[in-house]
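Notes to accompany the following structure.
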Amino acid sequence: MNKAVLILKNKKGDTLVLSVLIITIAILFTVLIVDFGMAFYTKTHMQSIADAMAIGGASYGNEAYQTLSTKEKVAIVNEKKAKPKAQEILNANKKYLPNGVEVVTAEMNPTGKKIDGKVMNWQDQYYSGNFTVRLTSRYNTMFLGANKNNSPFGIGLPEIRFQSEARVRVKPK
């Protein structure tokens, strides 16, 4: 009995174990904060690029035509000029993206976009004066790593994917 009481009263090393546990948890939370903070920064940056692409592409949409039925003026975005201009803006901004960020897809006027209550195909959007850009991006985390072999914790967090979308509607002059 005396030996059992003696073992329970001996608390040498408890502080060391508790300190190691707290430091490990603090490092893990720091890693998560840094990785998800960079992902949020990247998402914001990608949205800015999508906005610039939509404005650049829509700048070729100031041509106004009268419709035959309602006689009102509508703007038509010139597809042959708008897409290359938007792609040029994307290519110029790719070098400013943080490391580990990749643009997976860049769609201009994606089919199935619902605008003003109507599901539009890509051609409807051009003829209604709309120019939409949708970017899909992938961010490979710095610390957690998408690859288990590169991760200091031996776990693999899949890359973080997000979409940025922007639409500009051109009004006729």
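Following the working numbering, the numbering of the sequence shown begins with 2 at its first residue and continues without gaps. Each residue gets a CB set at the ideal place from its N, CA and C atoms; glycine is no exception. Computed from a prediction, not measured in an experiment: that's the story for all the values here.
query                                                                                          : result
Straight-line gap, Ala59 to Lys95 (C-alpha atoms, nearest Å)                                   : 20 Å
Of the listed residues Ile34, Ile90 and Thr142, nearest to Asn100 (C-alpha basis)              : Thr142
Among Leu19, Gln164, Val171 and Ile28, nearest to Phe41 - alpha-carbon criterion               : Gln164
Between the CA atoms of Val35 and Thr16 - distance to the nearest angstrom                     : 28 Å
DSSP beta-bridge partners of Tyr140                                                            : Val102 and Ile161
Exposed unless 16 or more other CB atoms sit within 10 angstroms - verdict on Ala87            : buried
Asn131 in three-state terms, based on DSSP                                                     : strand
Same chain, Cβ closer than 6 Å to Lys82, neighbours up to 5 away in sequence not counted       : Tyr61
Residue burial classification, Arg135 (beta-carbon count within 10 angstroms, cutoff 16)       : buried
Distance between Ala167 and Pro111 (C-alpha atoms, nearest Å)                                  : 11 Å
Three-state class that DSSP yields for Val75 in the structure shown                            : strand
Identified DSSP bridge partners for Glu166                                                     : Arg135
is_contact[Ala87, chain E] using C-beta, thresh 8 Å                                            : Structure shown: chain E not included; a single protein chain is present.
Reference Ile91, options Met109, Val171, Ile161 and Asn79, closest by Cα                       : Looking at the sequence shown, residue 91 is not Ile but Leu. Among Met109, Val171, Ile161 and Asn79, the Cα nearest to that of Leu91 belongs to Met109.
Residue span of the alpha helix (DSSP H) that contains Lys81, given as start and end           : Glu80 to Asn94
Selected residue, minimal CA-CA separation from Gly38, among Phe144, Val169, Arg170 and Pro173 : Phe144
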